[in-house]
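K.L.:
Numbering (the numbering used here), first residue to last: 1 to 351.
Have a look at the structure that comes next, please.
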Amino acid sequence: MSRFLGITLVAVLFASCKVDFSPNASWQETPVVYCVLDQDDDTTYVRVQKCFLGEGNQYGYTTIYDSINYPPNALQVRLLGWRALRGAGNVLTIASGQSAPVQVLECNYKEIVKPSGVFNADCQPVYCCRTQGLLDTSLVYQLVVLKRATNDTLATAVTSLVGGLADENNLLVQPTSMHGFQFTNKNCRLEWRALARARKYQPVVRFYYNDFIRTFNGTTYDTTIIRHYLDIEYPEKAPAANENTTVIRMLDQQTFLSSLRNALLGDTVNKIIVDTVDIYIRACQEELSNYLYSQTNSNSINQNDITYTNINGGLGVFSSRRNHLYVRRLTPASGQSSYKKAIKELGLNLN
């Protein structure tokens, strides 16, 4: 969640302030809200801040704590779970006739320290609650932000969770456990079962290796082994919205090898290749997919920013993702396999 906020906060806040308004109009409070649900996370975080307007250089306001943050006791933040109706494409909507939600999760105020940057570098407020094992894929979740002083609703949004499988060990179709992770004809075919309400996927191969360090202590050699990994991301995939299909992505061997070279070039420590990789299938729901798309430059001469938001009464995004689904696969054990030979030919002290 911290990576998501860190990457998007600057782009969205300034893009969000580029809406049509009159500089001389009366000030209107506009909250900026970010929250991404993941049923595999132990804690869910909600970021709520202010959109601001003032004279002069707008960057100056970002360094003033009160200009972008609400006071500690100003807001009440809740996640409400409602019974849902399932429609086409596995889209969930809140069922009518409910007098109360079936689940209420209170998010508590907490201050976290962030690195220095454009925005105020003091402690930053977030609202969080423990959600491990509590989020239910059959419910629709509503985020509600209230002002405590008046009990007025400041912002709301709804989303549903990305679905799962009865046995998530069966997520990956190829490569199989029998054949393992390897490249054939310079490609590795990844195929996985589609997840309900997932609208964008990004496969990630986590490559493991160990530093192998030997030091002489005067009489004998001491051996230290330090475990490391590299995450090699592959292009995103936006398939048709149908969970009864599989999704396919071809992984290019040259891209894989280039990623290793770029990350380890110049590292002279002897390394040992670990004979397993973890294949992560990361997925996100439609609101987050739309939001990320809106933050991507069009590469055209006419750079008119279009900011997506699904926050009622404010700006930002409330959506869901699966970020921790993975399957472990063996790699060819033989040092003479084409997989290991190609890695050794990179000259990176990988054995």
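For each residue, glycine too, the CB sits at the ideal point set by N, CA and C.
Predicted model only: the values in this text are computed from it and were never measured.
Grab me the residues of A95's own chain with a C-beta within less than 8 Å of its C-beta, minus the 5 sequence neighbours each way, in chain order.
P.N.:
The answer, listed in chain order, is W82, R83, A84 and L85.
K.L.:
What span of residues does the alpha helix (DSSP H) with Q253 cover, start to end?
P.N.:
From DSSP, the alpha helix (DSSP H) with Q253 extends over Q253 to L264.
K.L.:
Between G316 and V32, what straight-line distance do the alpha-carbon atoms span, to the nearest angstrom?
P.N.:
5 Å
K.L.:
Mind checking Q285: buried by the 16 CB within 10 Å criterion, or exposed?
P.N.:
That one is buried.
K.L.:
Spatial neighbours of V102 within its chain, please: C-beta separation below 8 Å, excluding the five flanking residues on both sides.
P.N.:
G81, W82, R83 and L139, listed in sequence order.
K.L.:
Have a look at the DSSP bridge pairing and note the partners of M250.
P.N.:
R189
K.L.:
Just mark E345 as buried or exposed, buried being the case when its beta carbon has 16 or more other beta carbons within 10 Å.
P.N.:
exposed
K.L.:
Of the residues T137, L105, P203 and N262, which one's Cα is nearest the Cα of E236?
P.N.:
P203
K.L.:
Which residues mark the beginning and the end of the alpha helix (DSSP H) in which L429 is found?
P.N.:
Since the displayed the chain opens at 1 and closes at 351, residue 429 lies outside it and no answer follows.
K.L.:
Taking the beta strand (DSSP E) that K147 belongs to, which residues open and close that run?
P.N.:
L139 to K147
K.L.:
With a threshold of 8 Å on Cβ separation, who are the neighbours of K50 within its own chain once the five nearest residues in sequence on each side are excluded?
P.N.:
E29, T30, P31, V32, S67, I68, N69 and Y70
K.L.:
List the residues that DSSP assigns as beta-bridge partners of E236.
P.N.:
In DSSP, E236 forms no bridge with anything.
K.L.:
To the nearest angstrom, report how far apart K186 and R321 are at their CA atoms.
P.N.:
The C-alpha of K186 lies about 31 Å from the C-alpha of R321.
K.L.:
Rounded C-beta distance between F183 and Y339? I'm assuming under 8 Å.
P.N.:
6 Å
K.L.:
Output yes or no for whether 8 Å exceeds the beta carbon distance between T215 and C128.
P.N.:
no
K.L.:
So what's I273 in DSSP terms, helix, strand or just coil?
P.N.:
strand
K.L.:
With respect to the beta strand (DSSP E) encompassing I94, which residues constitute its N-terminal and C-terminal limits?
P.N.:
Following the DSSP letters along the chain, one finds I94 inside the beta strand (DSSP E) bounded by residues L92 to I94.
K.L.:
Whole angstroms is fine: what's the gap from N108's alpha carbon to N349's?
P.N.:
48 Å
K.L.:
What number of angstroms, rounded off, separates the C-alpha of R329 from the C-alpha of C188?
P.N.:
13 Å
K.L.:
Within 10 angstroms of its Cβ, does N351 collect 16 or more other Cβ (buried), or is it exposed?
P.N.:
exposed
K.L.:
Along the chain, which unbroken stretches of the beta strand (DSSP E) at least 3 residues long are found entirely within the stretch 200 to 229?
P.N.:
200 to 216
K.L.:
By Cβ distance below 8 Å, which residues in the same chain neighbour R148 in space, the five residues on each side in sequence not counted?
P.N.:
N73, A74, L75 and Q76, listed in sequence order.
K.L.:
So, at 7 Å on beta carbons, what are the nonlocal neighbours of R130 in its own chain, with the 5 sequence-adjacent residues on each side left out?
P.N.:
Around R130, the same chain offers D42 and T43 as residues with beta carbons nearer than 7 Å, after the five sequence neighbours per side are excluded.
K.L.:
What would DSSP say about I68, mapped onto helix, strand or coil?
P.N.:
helix
K.L.:
From Q124 to G266, what distance separates their C-alpha atoms?
P.N.:
37 Å
K.L.:
So what does G386 bridge to, in DSSP terms?
P.N.:
Outside the shown range of the chain, which is 1 to 351, sits residue 386, and nothing can be said about it.
K.L.:
Can the beta-carbon of R78 be found closer than 8 Å to that of V144?
P.N.:
yes
K.L.:
My assumption, with CB atoms under 8 Å, is that R197 sits in contact with N90. Please give the rounded CB distance.
P.N.:
5 Å
K.L.:
What's the C-alpha gap between T309 and T224?
P.N.:
50 Å
K.L.:
Can you tell me whether Q39 is buried or exposed, with buried defined as 16 or more other CB within 10 angstroms of its CB?
P.N.:
buried
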